[in-house]
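Visitor: The structure follows.
In the numbering used here, the protein residues as written are 268 to 404.
Encoded structure:
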């Protein structure tokens with residue numbers, strides 16, 4: 268049993284090395300608060316498929332992914348698509364917290380924050396984008 272627990276820890280440690288950029292602490296809280304505000308303005312699309320659609324249509328401002336998505340392969344196509352479309356993306360630690368920020372009772376693996384036509388959240392999104400850029404350095 269101990270070997271199984273050690274193996275589980277190794278898998279999780281190895282998994283974290285693949286997840287980049289990962290927002291932790293206050294940045295994760297800021298991103299979840301931005302998601303909640305965007306949800307209040309109906310500027311959120313939930314799920315990996317919906318996020319991919321917004322990227323292909325060019326309507327997304329920011330993509331937020333859950334680091335604990337199971338299996339992680341469900342969301343790993345999105346960072347490549349984000350880089351192709353020049354849209355910033357970031358991982359947050361918890362699917363459950365991401366779902367709550369979206370106003371859902373269920374856990375959510377991916378969220379797209381849409382571009383507002385009248386710029387309702389433009390300053391907040393720009394601030395988060397700057398912080399994500401600092402993570403990449």
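We put the CB at the ideal spot given by N, CA and C, even for glycine.
1) At which residues does the alpha helix (DSSP H) containing residue 320 begin and terminate?
2) Which two residues bound the contiguous alpha helix (DSSP H) that contains residue 331?
3) Measuring CA to CA, which of 291, 286, 292 and 328 is closest to residue 378?
4) Quick check: what's the CA-CA separation for residue 304 versus residue 311?
5) Which residues mark the beginning and the end of the alpha helix (DSSP H) in which residue 395 is found?
6) Looking at the structure shown, is residue 289 part of a helix, part of a strand, or coil, going by DSSP?
7) Short check: CB of residue 298 to CB of residue 339, under 9 Å?
8) Within 8 Å: the Cβ of residue 331 and any heavy atom of the ligand COA?
9) Among 300, 362, 404 and 390, which one has its Cα closest to the Cα of residue 314?
Guide: In short:
1) Start at 1 with the first residue of the chain shown, and residue 320 comes out as number 53. Start and end: 315 to 324.
2) Counting from 1 along the chain shown, the entry for residue 331 is found at position 64. Per DSSP, residue 331 belongs to no alpha helix (DSSP H); it is in the beta strand (DSSP E), 327 to 333.
3) The residue labelled residue 378 in the question sits at position 111 within the chain shown. The shortest Cα separation from residue 378 among 291, 286, 292 and 328 belongs to 328.
4) Taking the first residue of the chain shown as 1, we reach residue 304 at position 37. Taking the first residue of the chain shown as 1, we reach residue 311 at position 44. Near 9 Å, if we compare the C-alpha coordinates of residue 311 and residue 304.
5) For this step, residue 395 is matched to residue 128 along the chain shown. Residue 395 -> alpha helix (DSSP H) spans 389 to 403.
6) Locating residue 289 in the chain shown gives position 22, where the first residue counts as 1. In the structure shown, residue 289 sits in a strand (DSSP, three-state: E or B).
7) If you number the chain shown from 1, residue 298 lands on position 31. If you number the chain shown from 1, residue 339 lands on position 72. Result no, Cβ atoms of residue 298 and residue 339 do not sit closer than 9 Å.
8) The model depicted lacks the ligand COA and carries no ligand whatsoever.
9) Residue numbering aside, residue 314 sits at position 47 when the chain shown is read from its first letter. Looking at the Cα atoms, 362 is the closest of the given residues.
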